[in-house]
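Visitor: Sequence order for the protein chains is A, B, C and D. Numbered according to our numbering, the first sequence terminates at residue 957, and the numbering increases by one at each position without gaps. Numbered according to our numbering, the second sequence terminates at residue 957, and the numbering increases by one at each position without gaps. Numbered according to our numbering, the third sequence terminates at residue 497, and the numbering increases by one at each position without gaps. Numbered according to our numbering, the fourth sequence terminates at residue 497, and the numbering increases by one at each position without gaps. All residues carry an ideal CB built from backbone N, CA and C; glycine is no exception. Owing to the predicted nature of the structure, the values given are computational and were not obtained by experimental measurement.
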Amino acid sequence: MKLDVIVNGREGELRLEGSRFEYNGMVRDYSMEASGPGIFSLLIDGRSYQATVLSPGTIQVNDRIFSVEVFDPRELRARSSAGASAGRQNIVAPMPGKVVRILISVGDTIEAGQGLIVVEAMKMQNEMKSPKAGTVVELKTTEGATVVAGEILVVIE
Amino acid sequence: MKLDVIVNGREGELRLEGSRFEYNGMVRDYSMEASGPGIFSLLIDGRSYQATVLSPGTIQVNDRIFSVEVFDPRELRARSSAGASAGRQNIVAPMPGKVVRILISVGDTIEAGQGLIVVEAMKMQNEMKSPKAGTVVELKTTEGATVVAGEILVVIE
Amino acid sequence: MFRKVLIANRGEIAVRLVRGLRELNIASVAVYSDADRASLAVRMADEAAHLGPAPSSESYLRIDKIIDAALRHGAEAIHPGYGFLSENAEFAEACTDAGLVFIGPPAEAIKKMGSKTAARQIAIAAGAPVVPGTESAIRSIEQARATAHSLGYPVLLKASAGGGGKGMRRVDREQDLESAIRDASSEAAHAFHNDEVYLEKLVIEPRHIEIQVLGDHHGHLIHLGERECSIQRRHQKVIEECPSPLMGIDPGLRDRMGAAAVKVARAAGYANAGTIEFLVDRDRNFYFLEMNTRLQVEHPVTELVTGLDLVSWQLKIAAGAHLTIEQSDVRWTGSAIECRIYAEDPENNFLPFPGKITRLVEPSGPGIRLDSGVYEGWTVPFDYDPLLAKLVAWAPDRNAAISRLKRAISEYKVGGIRVNLAFFTDILNDEAFARGELSTAFLDGFFVRRKPAPDPAPEMEAVAAIVATLSRQKPAAPVVNPTSKWKWEQ
Amino acid sequence: MFRKVLIANRGEIAVRLVRGLRELNIASVAVYSDADRASLAVRMADEAAHLGPAPSSESYLRIDKIIDAALRHGAEAIHPGYGFLSENAEFAEACTDAGLVFIGPPAEAIKKMGSKTAARQIAIAAGAPVVPGTESAIRSIEQARATAHSLGYPVLLKASAGGGGKGMRRVDREQDLESAIRDASSEAAHAFHNDEVYLEKLVIEPRHIEIQVLGDHHGHLIHLGERECSIQRRHQKVIEECPSPLMGIDPGLRDRMGAAAVKVARAAGYANAGTIEFLVDRDRNFYFLEMNTRLQVEHPVTELVTGLDLVSWQLKIAAGAHLTIEQSDVRWTGSAIECRIYAEDPENNFLPFPGKITRLVEPSGPGIRLDSGVYEGWTVPFDYDPLLAKLVAWAPDRNAAISRLKRAISEYKVGGIRVNLAFFTDILNDEAFARGELSTAFLDGFFVRRKPAPDPAPEMEAVAAIVATLSRQKPAAPVVNPTSKWKWEQ
């Protein structure tokens, strides 16, 4: 089994053959056992690694949390050739919460640092500011909407 | 939904309609929520019941453990008409473990209290004795076999 | 003693109270909003009453509904926990009017200590030190200059009607005083429709140290020592400990602060558990700040070092019992440190991060106390405080308590939401923290000197990739069989 | 201090040691048999070494393999835990020969105290009381009559080479003595090929009380007080506590027993942690029984009341440190009670009940310490001791500790196997237990007076039926969403 992976944003290659893995050129024998709900014990060279699946794609190994995407090689190539269209900037929700105020409309010309949207959770309001000057080309949420962290709310060009 | 149930060996009837249940003639409103992995919170008349599914068919409610079988009504009737054949006695494993010695053979005439099989777990040996005099008609295990609690090992007639 | 008590709260403190009541053989009634039907407290309580929709104003702050639930369920008393209605004198009175016992101080004491200026007057009258300054507003620049001179610079301008840092100005030199008064006064006018400002001596990088008091309704009042809560973000405590590292330098400080706290509480006619907060300056002068007229979030720290059960005493005192502990009976043993586990992202300005907890592994073992209000699968609601749990370690000394906390954090795993566990590890590894050099400005310096974590070993990265790959291919069963070899298709 | 230590054990004690090592910043090496690859200790340790097949004789008892693993992993010391090789002098010597530190007493002390008769001689020489009797075999009926007369009836006949109750006879009257000697002697000859029997005074319904000792390699030795372990089934402890309820009646008893224990340990040349077991009769006379030359299962009880960390001290002492605690520094605060959670069926003669743990909900909160070696999904192997975990409560007094334990047990749920949780609730509710009337015969009387549980409320039965029905229809997802209404097809 050979896969391309992105671990914490860095691309890598993983090959699994029986009890042996190859990761970015490092070849090791390993043993893996389920050791609790969503918890795995891996032994490599006599060292014990505790891996907890915090959520799909988020794996804690000992005290470090890794965000992992797994692709079969074709998938990844297709993905990287696409890319984001230059000049467009997505404004994403920094935390889950409720949109309490929208301060702009599509078509508005905005300055860097201008307030765009206010998201509230747990009595804390967070005003999201534009990282650059530009024009609002998309507004993907409404006042009162519930958003998850990382959700794209506004697109600036 | 109407079902026949056996709770700790006693037959009963359960009817569920929306947020109302009827159990052996007792009618109550209830609310049920998942409240943890395999754990449910039920509210009846303002009282809170904590139900944990210990394993399929074994439910702990507050501090009491219930063994529950659920049948649709036809199933149960079929089951009760079958019954165990008179005079036959199943000898079941009292605990999970390993069969370390078999002291009888099929066809042997045995006395009440005679040792039949020795099961071992966690360094404890348990000699299973015949509850009555009779003949060994079936021997369902072998030395070295792993058995689960409640598994039929010998049939006496 | 009571037979049934209603808990007018939610989250970890509601669970703490269910446990405390059960240990006294008292039935518990939980209350819940729509967002909390599936909460741990409701599941664990003996009874539960629905209050209303998720917003606190329609549920946990509704005095009428809570009193009604208590009466309907036949509760004899109400424990308010902390937050919500716990420091609301009107609620305490409503309980009494309905024939219910409010488990806390007399309503009169809540009122007296609820107003910051009234509390300051009581403290002054009781002979407790307060931050030196003028209580009345500044009338003229000449008067202000004279006062500032006698206090000594730096001084702090504060709005009389103030709060939340608005209308506050630090003034370091006399030549800046006049313009600062102008600015502060104008900001105060804008924020509070009241332009009055007054002067206080500025306490530089103070420690926040509070004293736990406990009194019965028969006039007996003692203190249970201090908790140092200097480590704060957004004026909210994140780590609390007892003993304060200051006590090693100045062993008499606890007695002096304790005596002052008892005087203030007595002057307020206080009974039940309460906390007097002080600021402590670099010369270990302490100044009364305010009183919290309720059980404190961080009460486990005191329970661990004194061996006394504060919730149990709250209940007994409310039921009329005598506090049978004399001041000289109270002993402080070892060291306890508490971390507040919040659903928040410490890497993103501590923004709240509610959501579904997809994985939860909780620590235990020697010296670890976990007061938690959540479970795996619980969705932390948007609507309330982000506190999930309190992780507390006790050990014979502070260094061992720090090591033990780090060990427990290494066992603690929370998935699906962000929590501040790694942030605590970094603080607990900080050298200034280890030396006990604490102040409310601690985190400012900490963020500057904190080193980024070293790159993880490549094996760890490989493990993450392997587990992500294999757990993707095989959907995890609710319970996996650990003794059989893990298999997958290639 | 060591940088890396190998743990030559498994189960909850291996987890306890991983935690203790981590808190001292020492890397841990777990060992495992085929049955334990997926164990909690292996997952939590820093390193892990495979020993061999499941049977202990091929894994945890293999001195050669364990030493080899320690050397391969670069460990500097080995902690043996309890059981397995912990009281094996040959193992201690093999460690030393391999240049490894054995974390325990000198091999010589293990040898001396390992033989029951040698240990008894040491105790007598040290001036510690032993059960009165003849050490040498009975030569004639006349001699036996005289001895029995001087001891006072009832007396106990014991086989010189004996063990496990074989060749033992209780004799209540002189006229029964001759035939009893004949029977016992013949049984002993049959069992041990040695017909020698001797006489001891019978201690009627004794209490089992043991003293924890702790000493360094520089001659300093102290005791940390008692643990009462009278509640036993099949000569195995199930509940342990400190203080013993006897200490309330006779506060000097701890000092007297402690002094005796220290004398015995000193005579044996003891160092590190050890335990001297005594029988205590109804008149509070105590008699040396034996010494356990290792960490005890029930050590958390002592840790909770003294505030001392025994594992931490074991490591420091083994590394050569001085024990810096004087006898007069040791304080006992509050009350701690431990329940041993076994995979067994208390309703079926305590037969072991290994298997897969399909559900596990663990207690926590104030005053609760859980030392566990299992997790949900773990299959408890057939091959070892059925101890899963130790649940320990600390509270300011014994009654509060009992209430707290009951509260914790009410939160503890184990599915898939049988455990003795409900059995503990019944004991903790027992009035004789509450009064502290304990003896090794406690459980005999308890089973007679124990009332069957009342029928559950019909609502509880209905809840069981509803949950069984609805959880049957909807296969449980690994994580259920608790805030959405639970839905099903009708």
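(1) Residue 428 (chain C) lies in the alpha helix (DSSP H); which residues open and close that run?
(2) Is the Cβ of residue 933 (chain A) closer than 8 Å to any Cβ of chain D?
(3) Classify residue 895 (chain B): buried if its beta carbon has 16 or more other beta carbons within 10 angstroms, exposed otherwise.
(4) Since residue 256 (chain C) is in the alpha helix (DSSP H), which residue starts that stretch and which ends it?
(5) Could you compute how far the alpha carbon of residue 913 (chain A) sits from the alpha carbon of residue 901 (chain A)?
(6) Taking CB distances under 8 Å as the criterion, tell me whether residue 58 (chain C) reaches chain D.
(7) Just the Cα atoms here: how many angstroms apart are residue 10 (chain C) and residue 35 (chain C)?
(8) Have a look at residue 342 (chain C) and residue 298 (chain C) and give me their C-alpha separation to the nearest angstrom.
(9) Considering Cα atoms alone, identify which of C:442, C:453, C:449 and C:433 is closest to residue 461 (chain C).
(10) Can you name, in chain order, every residue of its own chain whose Cβ lies under 7 Å from the Cβ of residue 51 (chain C), other than the five neighbours on each side?
(11) Following the continuous beta strand (DSSP E) through residue 283 (chain C), name the residue where it begins and the one where it ends.
(12) Considering only their Cβ atoms, is the gap separating residue 887 (chain B) from residue 822 (chain B) smaller than 8 Å?
(13) Strictly below 9 Å CB to CB, what residues from chain D border residue 30 (chain C)?
(14) Check whether the region 459 to 479 of chain C and the region 849 to 860 of chain A touch, using three or more Cβ-Cβ pairs below 8 Å as the test.
(15) With a Cβ-Cβ cutoff of 8 Å, do residue 399 (chain D) and residue 344 (chain D) count as a contact?
(16) Is the shortest distance between the beta-carbon of residue 345 (chain D) and the beta-carbons of chain C less than 8 Å?
(17) Can you tell me the Cβ-Cβ gap for residue 187 (chain C) and residue 173 (chain C), rounded? I've got them flagged as a contact below 8 Å.
(18) With distances taken from CA atoms, which of A:869, A:955 and A:811 is nearest residue 905 (chain A)?
(19) Taking only three categories from DSSP, how would you classify residue 323 (chain C)?
(20) Does the CB of residue 110 (chain D) have a neighbour CB from chain B at under 8 Å?
(21) Would you call residue 254 (chain D) buried or exposed, if buried means 16 or more other Cβ atoms sit within 10 Å of its Cβ?
(22) Throw me the rounded Cβ distance for the residue 309 (chain D) and residue 231 (chain D) pair, which I believe falls under 8 Å.
(23) Looking at residue 85 (chain C): is its Cβ nearer than 8 Å to the Cβ of residue 96 (chain C)?
(24) Taking only beta carbons into account, state which residues of the region 388 to 402 of chain D come closer than 7 Å to chain B, listed in chain order.
(25) What does residue 45 (chain D) touch in chain A if you count any residue whose Cβ is under 8 Å from its own?
(26) Would you mind giving the Cβ-Cβ distance between residue 844 (chain B) and residue 828 (chain B), rounded to the nearest angstrom? I have them listed as a contact below 8 Å.
(27) Considering only the alpha carbon of each residue, which of D:392, D:330 and D:123 lies closest to residue 244 (chain D)?
(28) Which stretch, first to last residue, makes up the alpha helix (DSSP H) that contains residue 118 (chain D)?
(29) Assign residue 149 (chain D) to buried or exposed, taking buried as 16 or more other Cβ atoms, counted over all protein chains shown, within 10 Å of its Cβ.
(30) CB-CB under 6 Å to residue 937 (chain B), same chain, minus the five flanking residues each way: which ones, in chain order?
(31) Taking residue 897 (chain A) as part of the beta strand (DSSP E), name the residues at either end of that continuous run.
(32) Taking 6 Å as the limit between beta carbons, can you name the residues of its chain near residue 225 (chain C), skipping five residues before and five after?
(33) Compile a chain-ordered list of the residues in the region 338 to 367 of chain D whose CB is closer than 7 Å to at least one CB of chain B.
(34) Here's the rule I'm using: 16 or more other beta-carbon atoms within 10 Å means buried, otherwise exposed. How should residue 885 (chain B) be labelled?
(35) Where does residue 55 (chain C) sit, in a helix, a strand or coil, going by DSSP?
(36) For residue 380 (chain D) versus residue 396 (chain D), is the C-beta distance shorter than 8 Å?
Guide: The relevant details are as follows:
(1) 428 to 436
(2) no
(3) buried
(4) 253 to 256
(5) 17 Å
(6) no
(7) 9 Å
(8) 24 Å
(9) C:433
(10) 22 and 25
(11) 279 to 287
(12) no
(13) 373, 374, 402, 407, 410, 411, 413 and 414
(14) yes
(15) yes
(16) no
(17) Wrong, their Cβ atoms sit about 14 Å apart, outside the cutoff.
(18) A:955
(19) helix
(20) no
(21) buried
(22) 5 Å
(23) no
(24) 389, 391, 392 and 393
(25) 833, 834, 835 and 841
(26) 5 Å
(27) D:392
(28) 114 to 121
(29) exposed
(30) 955 and 957
(31) 897 to 902
(32) 329
(33) 352, 355, 358, 359, 360, 361, 362, 365 and 366
(34) Confidence is the limiting factor: at residue 885 (chain B) the pLDDT is only 46, short of 50, which leaves the residue's position unreliable, though a coordinate-based value still follows. That one is exposed.
(35) strand
(36) yes
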